[in-house]
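> Numbering (the UniProt record's numbering), first residue to last: 1 to 474. Note that beta-carbon positions come from the ideal geometry of N, C-alpha and C, so glycine has one too. For clarity, every value in this text was computed on a predicted model and none was experimentally measured. Below: one structure in structure tokens.
Structure below.
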């Protein structure tokens, strides 16, 4: 049956046919005819049914793209039933014979649609489990495509389906990710739309989406490190904890009298000091978000001035530098607060029924022990030591431990800033034992390459803001 939309707009199709005949006889297309077709097509797409038809036909979210753009059910069934069939150029009679052997498919029944929806939900959930690296056995994921899309990150420009009063597709930016409910918090570009929570199956990245082979998700998985932090370290007394008296959020709170106690007091089942640190973390992130927004606007303005060959004023440069310096200080404060928050998370993990993973210091110790064994075995493989100087063998062992740490980080996949901190600490320990005349050589041949590897491992560069050291410092 022909859709009603096509019947109501048959004149557009007729006009398209006439335009094709016209362009066949002319060397250049008729601009007026093209504009007329475009005007009628635009009116067609304004119809609610036509608009929804375009969404259903061409809009596929990142999580659905590999599921719908792969082989259809007929191709899959053809491969399973006739694995030796290498050609697809068959006659109508031959295709009819194959279809009879495959049986009559059940289409458009309520049971069929329910079964298809259930299968789609299961596949989506499997992809989410792979994205979150909560899978150790891939035997139950054979029905998925070979390439699995990676989850979208904060700041990604997307096109999302907004339902309700403003039903349609709109562009925006991801502001938050909720893996528990499989949703994204999207702030839309169009004024008046605001920020909404959108399911992941209705969000499409405007940039080419990255994928990973499904086999890679089953290689040397390790537990999540959300609750993993290094041992609790006490900051020097020169850095006292900020008071809450002048805090606009905590200072006016009716709970102010209850949160000024010791570390042993709790509120809602959580330590009061932990809740204070979480509040500080939220406020710092909010301020940093505003600074980044200003920086983005200034970058746009600078590009505009550069495109018009106009000079950038001193006031503009001074304001830009001020924002950069403030961001640097915010990153330092954020690192301290994050450190404290994750320390509490590590302590609270057993109370929540979670088993914290090994700490980065343990990983570093294991890598150093393995490196010493490797160097010792290689040094004595010929029966007598190839390198007799103990300082040299120690240096070789430590450099080998660096390589092993990088290997562990690359294979683990779930990275955090404290693991990079342990790698940086190892570099600093080696650097402190090297003679001053060799520092420059160490920086040029070791430290800078490790920094490049760190940048590649962190992909989006999210962890550099929290790094405690950099390669430019002596």
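1) Buried or exposed for residue 242, please, with buried defined as at least 16 other CB atoms from any protein chain shown within 10 angstroms of its CB.
2) For residue 213, which option in 155, 187, 147 has the closest C-alpha, if you only look at C-alpha atoms?
3) Output yes or no for whether 8 Å exceeds the beta carbon distance between residue 184 and residue 198.
4) How many Å lie between residue 114 and residue 175 at the Cα?
5) Using the beta-carbon count (16 or more within 10 Å), is residue 329 buried or exposed?
6) Return the chain-ordered list of same chain residues with a C-beta closer than 8 Å to the C-beta of residue 379, the five sequence neighbours on each side being excluded.
7) Using the Cβ count rule (16 or more neighbours within 10 Å means buried), how would you classify residue 186?
8) What three-state label does DSSP hand residue 169 in the structure shown?
9) Rounded to a whole number of angstroms, what is the C-alpha to C-alpha distance between residue 71 and residue 144?
10) What residue from 381, 207, 156, 404 has the CA that sits closest to residue 365's CA?
11) Excluding sequence positions up to five away, which residues of its chain have a Cβ less than 7 Å from the Cβ of residue 287?
12) On the three-state DSSP scale, how would you describe residue 207?
13) What residue from 217, 51, 302 has the CA that sits closest to residue 313's CA?
14) Tell me, please, which residues DSSP counts as bridged to residue 178.
15) Could you say which of 433, 280, 169, 188 lies nearest to residue 53 if we only look at CA atoms?
16) From residue 154 to residue 73, what does the alpha carbon distance come to, in whole angstroms?
17) Leaving out five residues on either side along the sequence, give the residues of the same chain with a beta carbon under 6 Å from the beta carbon of residue 398.
18) Could you tell me the distance, in whole angstroms, from the CA atom of residue 437 to the CA atom of residue 337?
19) Please identify the residue among 89, 117, 96 whose C-alpha is closest to the C-alpha of residue 68.
20) To the nearest angstrom, how far is it from the Cα of residue 333 to the Cα of residue 423?
21) Taking 6 Å as the limit between beta carbons, can you name the residues of its chain near residue 295, skipping five residues before and five after?
22) Just list the residues that DSSP pairs residue 157 with in beta bridges.
23) Any idea what DSSP makes of residue 297, helix, strand or coil?
24) In whole angstroms, what separates the C-alpha of residue 166 from that of residue 149?
25) Buried or exposed for residue 432, please, with buried defined as at least 16 other CB atoms from any protein chain shown within 10 angstroms of its CB.
26) Can you find the residues in the same chain that come closer than 8 Å, C-beta to C-beta, to residue 320, ignoring five residues on each side of it along the sequence?
27) Given this structure, state the Cα-to-Cα distance separating residue 78 from residue 98, to the nearest angstrom.
28) Quick one: what does DSSP say residue 149 is sitting in, helix, strand or coil?
29) Tell me whether residue 164 is buried or exposed, calling it buried when 16 or more other Cβ atoms sit within 10 Å of its Cβ.
30) Since residue 126 and residue 141 should fall inside the 8 Å C-beta cutoff, what is the C-beta to C-beta distance between them, to a whole number of angstroms?
31) What did DSSP end up calling residue 195 once you bin it into helix, strand or coil?
32) Extract the residue ranges of the alpha helix (DSSP H) inside the region 263-339, only unbroken runs of 4 or more that lie entirely within it.
33) Who pairs with residue 45 in a beta bridge, going by DSSP?
34) Buried or exposed for residue 435, please, with buried defined as at least 16 other CB atoms from any protein chain shown within 10 angstroms of its CB.
35) Can you name the residues that DSSP bridges to residue 162?
36) Do residue 159 and residue 206 count as a contact pair if the criterion is CB distance below 8 Å?
With the structure as the only source:
1) Because residue 242 sits at a pLDDT of 47, beneath the cut-off of 50, its placement in the model cannot be relied upon, and the following sentence gives the value as read from the coordinates. Exposed, because fewer than 16 other Cβ atoms sit within 10 Å of the Cβ of residue 242.
2) Checking every option, the nearest Cα to that of residue 213 belongs to 147.
3) With a cutoff of 8 Å on beta-carbon distance, residue 184 and residue 198 are scored as near each other.
4) The alpha-carbon atoms of residue 114 and residue 175 are separated by roughly 34 Å.
5) Per the 10 Å Cβ criterion, exposed.
6) Around residue 379: 385, 386, 387, 393.
7) Flag for residue 186 reads buried.
8) Residue 169 falls in the strand class under three-state DSSP.
9) Straight across, the Cα-Cα distance linking residue 71 with residue 144 is about 11 Å.
10) Nearest C-alpha to residue 365: 404.
11) Sequence-distant partners of residue 287 (beyond 5 residues in either direction) whose C-beta falls short of 7 Å from its own C-beta, in its chain, are 330.
12) Looking at residue 207 - three-state DSSP - the assignment turns out to be coil, as it is neither helix nor strand.
13) Selection 217, 51, 302 evaluated against residue 313 yields 302 as nearest (Cα-Cα).
14) Note: residue 178 sits in a beta bridge opposite 183.
15) Looking only at 433, 280, 169, 188, the smallest Cα-Cα distance to residue 53 is reached by 169.
16) Spanning the two alpha carbons is a distance of roughly 35 Å.
17) Beyond the five residues adjoining it in sequence on each side, residue 398 comes within less than 6 Å, by CB distance, of 430 in the same chain, given in chain order.
18) Rounded to whole angstroms, the gap between the alpha carbons of residue 437 and residue 337 is 37 Å.
19) The residue among 89, 117, 96 with its C-alpha nearest the C-alpha of residue 68 is 117.
20) Between residue 333 and residue 423, the C-alpha separation is close to 21 Å.
21) Around residue 295: 323.
22) Looking at the DSSP output, residue 157 bridges to 173.
23) Three-state result, residue 297: helix.
24) Rounded to the nearest whole angstrom, the C-alpha separation of residue 166 and residue 149 is 28 Å.
25) The residue in question, residue 432, is exposed, as its Cβ has fewer than 16 Cβ neighbours within 10 Å.
26) If we look at residue 320 and ignore the five residues flanking it on each side, its Cβ neighbours are 295, 298, 302.
27) Rounded to the nearest angstrom, the two C-alpha atoms are 9 Å apart.
28) Collapsing the DSSP output to three states places residue 149 in a strand.
29) Classification for residue 164: exposed.
30) About 6 Å; that satisfies the 8 Å criterion.
31) If DSSP states are grouped into helix, strand and coil, residue 195 belongs with the strands.
32) The region 263-339 contains these whole alpha helix (DSSP H) runs: 272-307.
33) The partner list for residue 45 (beta bridge, DSSP) is empty, contrary to what the question assumes.
34) Counting of Cβ neighbours within 10 angstroms places residue 435 among the exposed residues, the total staying below 16.
35) Paired residues: 168.
36) Taking a C-beta distance under 8 Å as the contact criterion, residue 206 and residue 159 qualify as a contact pair.
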